[in-house]
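Novice:
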Amino acid sequence: PFPGGSTLYESADLPANALPVGKYVEQLNVVTLEKGGRTASHKHGGVEMLIVLDGTIQLRVAGQPAQTLTKGKGAVVPPSTILQATNTGDGQAKFLAFFVTAEGAEFSTNVDTLP
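FYI, the numbering for the sequence shown is 1 to 115, going by this note's numbering.
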């Protein structure tokens with residue numbers, strides 16, 4: 001980390017061949033969910049990495065058991081995988097969502113099915 005900084009979340013590096021050669025768009029969002037709030041059921045055209053900054057969320061990802069994530073915990077969601085985040089805590093929840101999407105790929109698509 002930078003001098004005076006700290007590491008919030010650390011995971012293994014992606015293998016060098018994890019993403020095909022090409023151009024990518026990176027995006028970093030701060031998502032705020034009010035108590036009981038949730039995102040729409042959706043999928044992204046690229047990989048999503050998220051880390052909880054405050055509160056508690058339940059992350060539902062297609063094909064995986066639901067995960068409860070608290071401050072400092074994170075997850076990775078593969079491209080084109082249906083997901084939904086729900087604030088299951090007692091107050092507001094915030095998380096960082098970092099996306100790496102191939103140039104020209106659809107960024108996000110809402111879906112009618114639950115993960």
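Even for Gly, the Cβ is constructed at its ideal location relative to N, Cα and C. Just so it is clear, the structure is predicted and the values come from calculations on it, not from any experiment.
Counting Cβ pairs, one atom from each stretch, are 3 or more of them under 8 Å apart for the stretch 71 to 89 and the stretch 31 to 49?
Specialist: With a cut-off of 8 Å, the stretch 31 to 49 and the stretch 71 to 89 count as touching, because enough Cβ pairs lie within range.
Novice: Would you call the CB atoms of Ser108 and Ile82 closer than 8 Å?
Specialist: No, Cβ-Cβ distance for Ser108 and Ile82 is not below 8 Å.
Novice: Figure out for me which residue from Glu10, Ala85, Asp13 has the closest Cα to the Cα of Glu34.
Specialist: Closest option to Glu34, Cα to Cα, is Ala85.
Novice: For Asn29, which of Val52, Gly5, Ala12 has the nearest alpha-carbon?
Specialist: Nearest option by C-alpha distance: Val52.
Novice: For Ala93 versus Asp54, is the C-beta spacing smaller than 8 Å?
Specialist: It is a contact, given that the beta carbons lie within the stated cut-off.
Novice: Would the beta-carbon of Val100 fall within 8 Å of that of Tyr24?
Specialist: Yes, the Cβ-Cβ distance between Val100 and Tyr24 is below 8 Å.
Novice: Report the residue from Pro65, Gly63, Lys71 whose alpha carbon sits nearest the alpha carbon of Ile57.
Specialist: Ranking the options by Cα distance to Ile57, first place goes to Lys71.
Novice: Grouping DSSP H, G and I as helix and E and B as strand, with all else coil, what is Gly74?
Specialist: It is a strand residue.
Novice: So what's Ala93 in DSSP terms, helix, strand or just coil?
Specialist: Looking at Ala93 - three-state DSSP - the assignment turns out to be strand.
Novice: For Val61 versus Pro115, is the C-beta distance shorter than 8 Å?
Specialist: Contact: yes.
Novice: Check for me: the beta strand (DSSP E) holding Ala85 runs from which residue to which?
Specialist: From DSSP, the beta strand (DSSP E) with Ala85 extends over 83 to 87.
Novice: Rounding to the nearest angstrom, what Cα-Cα distance links Gly89 and Gly36 in this structure?
Specialist: Distance between the alpha carbons of Gly89 and Gly36: 8 Å.
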